[in-house]
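Right, one structure below, let's go through it.
In the numbering used here, the protein residues as written are 8 to 463.
Right, here's the structure in full:
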């Protein structure tokens, strides 16, 4: 088959007793896809089997291009004749229709996952403040829910696997709870480690949610390492929150470049690279240009999109946790200034980083993280201003909001330029650099170094 046939679409005609329908489908479409579209066009209540013009039956999983079909070919709807071969063919199609239960879950299940995760975190947060008997009941329910999420059967098993780390982490948090504020980072680290272990077990049982579970493992181990490392070094809790906020800002920028993993065979000709002393003397092969399957490209892009979406969710979770705790943990004047500036610049950096994301869901998650940082700063700063300064700040915010709205409308109408894109990249780099530079101030390292008088 030529490269042109693989890259182009197929224009086919499906003929049956109800009429003929002309359909244009991609080359990697299956016979089931074509039959479903035919049934939808004619309003049929069932999906009929298909035959080639020569009478050969098409199984539901047959790829049209692999069966030698080209544009202009005619397919025939198989009519019921009662023959054994016909009954076998219809049994195959019924089995394929029953296999629709294995299709990926829809957006409603994603909403249920978010609600279940929020309920688990709320239960784990409130459980330590209950009586001992009720706390034990909540912990056992959370552990039972986590165990249920590890069962790798059913259409919604990937969704349950993503929720299981939330349940296990909330249970570990409730078990390890201690009222001492300096132990809060360690308690959260223990919960993150429990979530990472649960994600690893779920990934071993079922690989359908591998991308989200891998992000769970990396994020959980990272939070545990930072929090428990700070506890071993006897560092203040604000160090943990500042480091996690900086990691979230860096992760939002680095993850897209690492998410897409294209197999080497699709990028380079490995046979031509494998040159030895003997192969160099041989005649060049007759192999032509390497053709990349369309389905493989779609799989790589979908996998990268899932990784980016899960990573954006992890960034939002880190920011929701670290930003307010960093502002609350900075108790000295110099540390407070550094923490407020760091949180504000982190929010600006995340908002600029979100503009480079193509997919709407991760872009929205990063924008929510950036707005959360700015809202935390506003909650801390506005009550400390007098009436005149408050009016000035609110008026300035309104003017800036109107300007941003006008720019957004202009951008939506296509008023874009490389000049503005370059300025946005520069602003993002400056905000990220400022966030990392203020890390030494927000953690108290700069103040400690200043108070030490450099050993004098």
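Beta carbons: idealized from backbone N, C-alpha and C, even for Gly. All of these numbers come straight from a predicted model, not from anything done at the bench.
Buried/exposed call for residue i, threshold 16 Cβ in 10 Å
i: residue 18; result: exposed
i: residue 1; result: No answer is possible for residue 1: the residues shown for the chain start at 8 and end at 463.
i: residue 347; result: buried
i: residue 251; result: buried
i: residue 41; result: buried
i: residue 442; result: buried
i: residue 210; result: buried
i: residue 320; result: buried
i: residue 63; result: exposed
i: residue 7; result: No answer is possible for residue 7: it lies beyond the span of the chain, which begins at 8 and ends at 463.
i: residue 466; result: Residue 466 is absent from the structure shown; the chain starts at 8 and stops at 463.
i: residue 376; result: buried
i: residue 429; result: exposed
i: residue 2; result: With the chain covering 8 to 463 only, the question about residue 2 has no answer from this structure.
i: residue 311; result: buried
i: residue 425; result: exposed
i: residue 318; result: buried
i: residue 407; result: exposed
i: residue 230; result: buried
Test item: CB-CB of residue i and residue j under 9 angstroms
i: residue 81; j: residue 32; result: no
i: residue 373; j: residue 322; result: yes
i: residue 248; j: residue 327; result: no
i: residue 228; j: residue 200; result: yes
i: residue 198; j: residue 179; result: yes
i: residue 132; j: residue 177; result: yes
i: residue 474; j: residue 195; result: Nothing can be reported for residue 474: it is not among the residues displayed for the chain, which extend from 8 to 463.
i: residue 83; j: residue 60; result: yes
i: residue 267; j: residue 305; result: no
i: residue 164; j: residue 149; result: no
i: residue 365; j: residue 219; result: no
i: residue 189; j: residue 243; result: yes
i: residue 409; j: residue 400; result: no
i: residue 130; j: residue 145; result: yes
i: residue 354; j: residue 384; result: yes
i: residue 342; j: residue 451; result: yes
i: residue 49; j: residue 68; result: no
i: residue 51; j: residue 74; result: no
Bridge partners - residue i, DSSP secondary structure assignment
i: residue 29; result: 20
i: residue 66; result: None; residue 66 has no bridge partner.
i: residue 58; result: 64, 83
i: residue 473; result: Since the first residue of the chain shown is 8 and the last is 463, residue 473 is not available in this structure.
Nearest neighbour of residue i, chosen from the options [CA to CA]
i: residue 191; options: 148, 216, 210, 246; result: 246
i: residue 226; options: 71, 52, 262; result: 262
i: residue 215; options: 239, 244, 242, 167; result: 167
i: residue 208; options: 330, 223, 409; result: 223
i: residue 440; options: 356, 123, 72; result: 356
i: residue 445; options: 333, 364, 128; result: 333
i: residue 256; options: 135, 390, 351; result: 351
i: residue 212; options: 236, 173, 159; result: 159
i: residue 28; options: 362, 34, 45; result: 45
i: residue 193; options: 381, 241, 365; result: 241
i: residue 185; options: 136, 145, 221; result: 136
i: residue 156; options: 202, 456, 74; result: 202
i: residue 455; options: 162, 428, 75, 339; result: 339
i: residue 386; options: 52, 230, 335; result: 335
i: residue 154; options: 175, 140, 143, 142; result: 175
i: residue 438; options: 404, 349, 122; result: 349
i: residue 79; options: 30, 231, 318, 407; result: 30
Same chain, Cβ closer than 6 angstroms to residue i, five either side skipped, listed in chain order
i: residue 85; result: 56, 58
i: residue 65; result: 38, 57
i: residue 316; result: 368, 369
i: residue 329; result: 248, 251, 252
i: residue 488; result: The structure shown does not extend to residue 488, since the chain is modelled only from 8 to 463, so the question has no answer here.
i: residue 325; result: 251, 255
i: residue 127; result: 173, 174, 177
Chain-order list of residues whose beta-carbon lies under 7 angstroms from that of residue i (same chain, five-residue window excluded)
i: residue 124; result: 170, 173
i: residue 431; result: 359, 362
i: residue 70; result: 35, 37
Own chain residues within Cβ distance below 8 angstroms of residue i, not counting five before or after
i: residue 53; result: 46
i: residue 217; result: 210
i: residue 453; result: 341, 345, 447
i: residue 116; result: 163, 166
i: residue 43; result: 54
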